[in-house]
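Notes follow the structure.
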Amino acid sequence: MQYKTIHTFPVEEEKKESIQIDLRKQLVTTPYFHSPKIVCGIDLAYKENLAAAVIVAMDHSTHEIVELVYHVEEVMESYVPGMLAFRELPLILKAWEKLTIEPDVVFFDGNGMLHPRRMGIASHASFFLQKPTIGIAKTYLLGDHKPLGLKQGEYEFMEDQGEVIGAIVRTQTGVKPVYVSIGNYLALEDAIRLSMEQVGKISRLPEIVRQADIYSRKILREYMQSPKTI
DNA sequence: GCGACAG
DNA sequence: ATCTTGTCGC
Numbered sequence: 116m117q118y119k120t121i122h123t124f125p126v127e128e129e130k131k132e133s134i135q136i137d138l139r140k141q142l143v144t145t146p147y148f149h150s151p152k153i154v155c156g157i158d159l160a161y162k163e164n165l166a167a168a169v170i171v172a173m174d175h176s177t178h179e180i181v182e183l184v185y186h187v188e189e190v191m192e193s194y195v196p197g198m199l200a201f202r203e204l205p206l207i208l209k210a211w212e213k214l215t216i217e218p219d220v221v222f223f224d225g226n227g228m229l230h231p232r233r234m235g236i237a238s239h240a241s242f243f244l245q246k247p248t249i250g251i252a253k254t255y256l257l258g259d260h261k262p263l264g265l266k267q268g269e270y271e272f273m274e275d276q277g278e279v280i281g282a283i284v285r286t287q288t289g290v291k292p293v294y295v296s297i298g299n300y301l302a303l304e305d306a307i308r309l310s311m312e313q314v315g316k317i318s319r320l321p322e323i324v325r326q327a328d329i330y331s332r333k334i335l336r337e338y339m340q341s342p343k344t345i
């Protein structure tokens with residue numbers, strides 16, 4: 116698998132913000148989207164500085180897992196809110212190269228445009244992956260919204276500086292909501308709809324995101340027991 | 001100045 | 001993200 120070169124990693128500290136601002140101008144805001152056959156979920160697990168980036172691909176309607184690839188490596192960048200992509204994307208791209216199937220849409224653990232510079236990891240990654248991407252965040256980062264209803268499927272748009280940049284979505288009745296935003300190449304309404312279609316019975320997270328979450332920890336655990344089998 | 005802050 | 005005991009509920 117090959118991706119279009121935007122810039123290389125690591126990125127010098129003083130250039131990170133300008134890269135985000137530049138990429139923001141290239142977001143595609145007039146997209147259309149077809150129903151996906153294959154969806155992809157990406158998540159990382161950590162043990163101190165060792166991290167496992169795992170990509171799970173599954174059938175959107177049957178939830179059958181069709182492929183799983185990963186990459187384990189020491190991460191060099193520390194976590195800084197708003198700069199998550201610079202820490203996690205290098206590993207994600209190395210795992211992505213091992214993927215043989217062609218996903219229609221990619222879910223991320225984190226935000227897309229729901230970000231101070233509209234360039235969360237889901238948006239940033241889209242320029243490398245050249246696929247529609249969706250950001251699913253489990254906790255609040257920024258933005259204002261009206262009070263959210265308690266019933267499953269209810270949502271409110273999130274705004275910042277007068278623009279809609281995502282949505283707070285009640286994926287399960289009475290359960291803590293998630294924050295959905297587009298990464299790139301699709302509309303927010305479609306991102307919300309696809310996210311809800313992925314939500315199962317036992318989790319507030321879309322199933323593909325939950326699987327990536329589970330497997331990232333499992334892969335890292337197995338790697339630490341026998342590192343040579345990478 | 002102070003608090004907030006995806007993973 | 002990760003570290004962790006107990007606890008509530010189907």
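Counting from 116, one number per residue, gives the positions in the first sequence under this note's numbering.
We treat Cβ as the ideally placed atom computed from N, Cα and C, and that holds for glycine.
The criterion of a C-beta distance shorter than 7 Å is satisfied by residue 306 and residue 295. Contact check for residue 318 against residue 325 passes: the beta carbons are separated by less than 7 Å. Under the three-state reduction of DSSP output, residue 257 falls in the coil class, being neither helix nor strand.
Contact annotation: residue 323 and residue 156 have beta-carbon atoms nearer than 7 Å.
Proximity of the segment 210 to 223 to the segment 169 to 182 meets the contact definition, three or more beta-carbon pairs being nearer than 8 Å. In this structure, residue 229 sits near residue 281, with a CB-CB distance shorter than 7 Å. Distance check between residue 298 and each of 219, 239, 273 and 149 places 239 closest, using alpha-carbon atoms only. Just so you know, the alpha carbons of residue 182 and residue 337 end up roughly 18 Å apart.
Annotation: the continuous alpha helix (DSSP H) that includes residue 240 extends over 236 to 244. Residue 311 and residue 250 do not touch by the CB rule: their CB atoms are close to 15 Å apart, not below 8 Å. Ranked by Cα distance from residue 257, the first of 201, 235, 270 and 134 is 235. In the DSSP annotation of this structure, the continuous segment of the alpha helix (DSSP H) that includes residue 209 starts and ends at 199 to 211. Cα atoms of residue 158 and residue 272: separation of roughly 25 Å, rounded to the nearest angstrom.
In the three-state reduction of the DSSP assignment, residue 296 falls in the strand class. Contact between residue 335 and residue 187 holds, with the beta-carbon distance rounding to 7 Å and staying under 8 Å. Exposure of residue 164 is indicated by the presence of fewer than 16 other C-beta atoms within 10 angstroms of its C-beta. The C-beta distance from residue 136 to residue 218 rounds to 28 Å, too long to fall under 8 Å, and the pair is not in contact.
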